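Numbering (our numbering), first residue to last: 19 to 441. Below is one structure, written out as structure tokens; comments come after it.
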Amino acid sequence: MLDINFIRANVDLLKTGMINKGEKDTNIVDKVIEIDEQWRTLVHEIDTKRSEANTRAKQIGALMGQGKKDEAQSIMKETSALKEEVKSLEEKLGVLATDRTELLYRIPNVPDPSVPVGHSENDNVVFSTWGEPLHHDWRKPHWDIAKEHNWIDFERGVKVTGAGFPFYLGGVARLQRALINFFLNAAAERGYEEMQAPYFVNEDSARGTGQIPDKEDMMYTVPRDGFFAIPTAELPITNFHRDEIIDAAVLPVKYCGYTPCWRREAGSYGKDVRGLNRLHQFDKIELVKLVHPDNSAQELELLREDAERLLQALELPYRTLLMCTGDMGFTQTKKYDLEVWSPGQQRWLEVSSCSNFEGFQARRMMIRYRDEDGKPKILHTLNGSGLALPRIVSAILETYQEESGKVRVPEVLKPYLGNNTYL
RNA sequence: GGAGAGAUGGCAGAGCGGUCGAAUGCGGCGGUCUUGAAAACCGUUGAGCCGAAAGGUUCCGGGGGUUCGAAUCCCUCUCUCUCCGCCA
Numbered sequence: 019m020l021d022i023n024f025i026r027a028n029v030d031l032l033k034t035g036m037i038n039k040g041e042k043d044t045n046i047v048d049k050v051i052e053i054d055e056q057w058r059t060l061v062h063e064i065d066t067k068r069s070e071a072n073t074r075a076k077q078i079g080a081l082m083g084q085g086k087k088d089e090a091q092s093i094m095k096e097t098s099a100l101k102e103e104v105k106s107l108e109e110k111l112g113v114l115a116t117d118r119t120e121l122l123y124r125i126p127n128v129p130d131p132s133v134p135v136g137h138s139e140n141d142n143v144v145f146s147t148w149g150e151p152l153h154h155d156w157r158k159p160h161w162d163i164a165k166e167h168n169w170i171d172f173e174r175g176v177k178v179t180g181a182g183f184p185f186y187l188g189g190v191a192r193l194q195r196a197l198i199n200f201f202l203n204a205a206a207e208r209g210y211e212e213m214q215a216p217y218f219v220n221e222d223s224a225r226g227t228g229q230i231p232d233k234e235d236m237m238y239t240v241p242r243d244g245f246f247a248i249p250t251a252e253l254p255i256t257n258f259h260r261d262e263i264i265d266a267a268v269l270p271v272k273y274c275g276y277t278p279c280w281r282r283e284a285g286s287y288g289k290d291v292r293g294l295n296r297l298h299q300f301d302k303i304e305l306v307k308l309v310h311p312d313n314s315a316q317e318l319e320l321l322r323e324d325a326e327r328l329l330q331a332l333e334l335p336y337r338t339l340l341m342c343t344g345d346m347g348f349t350q351t352k353k354y355d356l357e358v359w360s361p362g363q364q365r366w367l368e369v370s371s372c373s374n375f376e377g378f379q380a381r382r383m384m385i386r387y388r389d390e391d392g393k394p395k396i397l398h399t400l401n402g403s404g405l406a407l408p409r410i411v412s413a414i415l416e417t418y419q420e421e422s423g424k425v426r427v428p429e430v431l432k433p434y435l436g437n438n439t440y441l
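So this is what it looks like as structure tokens:
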């Protein structure tokens with residue numbers, strides 16, 4: 019959610035940003051300003067009337083105290099009429115306020131000037147590449163390797179739960195456990211505090227990070243208790259400080275957390291979903307930062323580097339994309355995607371997405387910091403994966419496979435896997 | 001799951017239906033004193049919204065109601081605590 023005052027002062031900038039993000043309808047901006055105008059006028063009117071009513075109520079109190087009942091009675095009569103008036107105006111105000119909020123929720127964040135303008139993923143800019151993508155013919159996709167070793171059981175996953183809920187066995191189960199530990203330790207070294215978060219959140223939290231409204235279809239729900247299964251640890255971790263004011267001196271606040279993530283992925287079919295490419299449940303380590311608004315641009319670069327470091331440590335070739343305006347999403351001002359090379363599939367797989375939301379999320383969640391002047395102000399939030407497991411597993415199985423079919427353990431993971439050479 | 005008690009400012013803790021945005025204490029900040037610090041003393045110290053400002057308005061767990069007037073009364077929801085039951 020953007021600040022209505024920012025919207026009022028930056029109509030053109032906002033509309034340009036919206037068009038660049040692929041929104042067709044920018045009239046919503048004029049509409050929200052118009053409704054806000056009505057809202058302000060009405061607030062003023064109501065406040066004035068309430069002020070009057072409050073004054074009279076106090077007069078009545080004073081008169082009653084002096085025993086002047088008759089005078090008090092006559093003021094009471096006038097006041098009840100005033101009260102009716104206020105009540106009907108308040109109803110109007112409520113409607114305006116709801117409309118205003120709904121419109122505000124539908125206005126996307128403004129892209130940072132450094133973001134390339136573009137319509138689709140084809141306009142994303144390759145920011146950097148690391149390592150040499152492998153192109154050997156004999157390399158198999160991970161689903162074949164996993165089958166040979168009985169490492170992943172998709173079929174029984176279907177039986178027990180459904181498609182997209184595989185079982186991991188033996189070497190890959192251990193590999194995932196090792197990756198979780200490695201990622202968390204690496205994050206701790208970079209100053210992120212480890213957090214074990216709830217796997218379900220309530221509606222307020224889902225609203226805070228922006229899954230509600232509009233994106234609730236991505237989440238599994240527990241209707242009886244009003245919970246949502248988290249699609250990413252971003253939800254519980256970012257909402258941790260919801261409705262709080264944080265001392266500026268402790269910024270930046272950095273958290274990391276491992277959780278399973280559940281996504282319904284409704285409507286995604288085809289060959290992209292083969293193997294581990296797209297699952298309904300997967301594991302991820304998430305990095306979250308709450309920062310001073312002056313530093314968020316810088317903090318995004320640091321966050322990206324923290325994520326990239328992990329791929330470098332695993333010696334997996336990858337590339338970093340700077341997402342263009344049309345492909346970056348509703349809530350971000352700037353976003354980098356990290357894509358690992360999958361030699362068995364001969365394609366890039368997204369394993370991390372590092373985003374700056376500036377005040378967009380924090381404003382919804384009312385996460386503020388107290389500056390030197392003592393006034394609470396909205397802070398900036400960022401998050402990034404560090405990293406998502408399944409595609410890393412794919413990349414490891416495919417990159418570290420030998421022609422014999424064995425899979426080597428990446429050097430950096432050996433301490434986590436009994437110093438074994440092979441998985 | 002059953003029975004009872006409760007939810008007030010950063011924390012603790014008062015609060016008869018009428019000058020209560022809320023006593024008091026602690027903490028925080030500023031000052032006096034001190035070579036410095038502590039102690040003591042004085043002052044100050046919640047948030048949202050409207051407004052250029054003056055000022056106004058809203059908020060005492062959430063929502064609704066009674067009343068001219070609600071932190072105070074009623075309904076409801078949520079949460080916390082105590083006891084019982086169950087349990088990793």
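Backbone N, C-alpha and C define an ideal beta-carbon position, used for all residues, glycine too. As the structure is a prediction and not an experimental result, all values here were calculated from the model.
In the DSSP output, what is Asn401 paired with across the bridge? The bridge partners DSSP lists for Asn401 are Val306 and Ser373.
Rounded to a whole number of angstroms, what is the C-alpha to C-alpha distance between Pro231 and Glu304? 23 Å
Determine, using beta carbons only, whether Val190 and Ile163 come nearer to each other than 7 Å. no
Which word fits Leu31, buried or exposed, when buried means at least 16 other C-beta atoms lie within 10 angstroms of its C-beta? exposed
Could you spell out the range, first to last residue, of the alpha helix (DSSP H) harbouring Ser106? Lys87 to Tyr123
Can you grab the Cα-Cα spacing for the pair Trp156 / Glu421, in whole Å? Each residue's alpha carbon lies about 7 Å from the other.
Going by the DSSP bridge assignment, what does Gln299 pair with across the sheet? Trp280
Are three or more beta carbon pairs between the stretch 220-236 and the stretch 330-346 nearer than 8 Å? no
Have a look at Leu320 and Ser146 and give me their C-alpha separation to the nearest angstrom. 15 Å
Quick check on the burial criterion: 16 or more other C-beta atoms within 10 angstroms. Buried or exposed for Thr399? buried
Tell me which same chain residues have a C-beta within less than 8 Å of the C-beta of Glu41, skipping the five on either side of it? Pro126
Output yes or no for whether 7 Å exceeds the beta carbon distance between Trp57 and Leu121. no
Is Gly35 closer than 7 Å to His160 when the C-beta atoms are compared? The answer is no: Cβ separation not under 7 Å.
Can you tell me the Cα-Cα spacing of Leu20 and Phe246, whole angstroms? 25 Å
Could you tell me the distance, in whole angstroms, from the CA atom of Val128 to the CA atom of Gly402? Taking the straight line joining both Cα atoms gives about 19 Å.
What are the boundary residues of the beta strand (DSSP E) that Phe245 is part of? Phe245 to Ala247
If you draw a straight line from the alpha carbon of Phe348 to that of Ser98, how long is it in whole angstroms? 47 Å
Specify the secondary structure class of Thr439 as computed by DSSP and reduced to three states. If DSSP states are grouped into helix, strand and coil, Thr439 belongs with coil.
Among residues of its own chain, excluding the 5 on either side of Lys158, which ones have a beta-carbon nearer than 6 Å to its beta-carbon? Gly362
Straight-line CA distance for Thr239 to Ala413? 31 Å
Whose C-alpha, out of Trp366, Arg381, Asp235 and Asn295, is nearest the C-alpha of Asp261? Arg381
Take the Cβ of Arg322 as the centre, count every other Cβ of all protein chains shown within 10 Å, and call the residue buried at 16 or more, exposed below. buried
Secondary structure at Leu187, three-state DSSP: helix, strand or coil? coil
Host alpha helix (DSSP H) of Leu253 (start-end): Glu252 to Asn257
Do Thr250 and Cys279 have their C-beta atoms closer together than 7 Å? The answer is yes: Cβ separation under 7 Å.
Going straight from the alpha carbon of Glu63 to that of Ser69, what length do you get? 10 Å
Given this structure, state the Cα-to-Cα distance separating Val271 from Thr119, to the nearest angstrom. 29 Å
Based on DSSP bridge pairs, tell me the residues matched to Asp171. For Asp171, the beta-bridge partners assigned by DSSP are Phe185.
Can you tell me whether DSSP reads Ile414 as helix, strand or coil? helix
Let me check understanding here. Comparing Cα to Cα, which of Leu329, Leu81 and Thr256 lies closest to Arg409? Leu329
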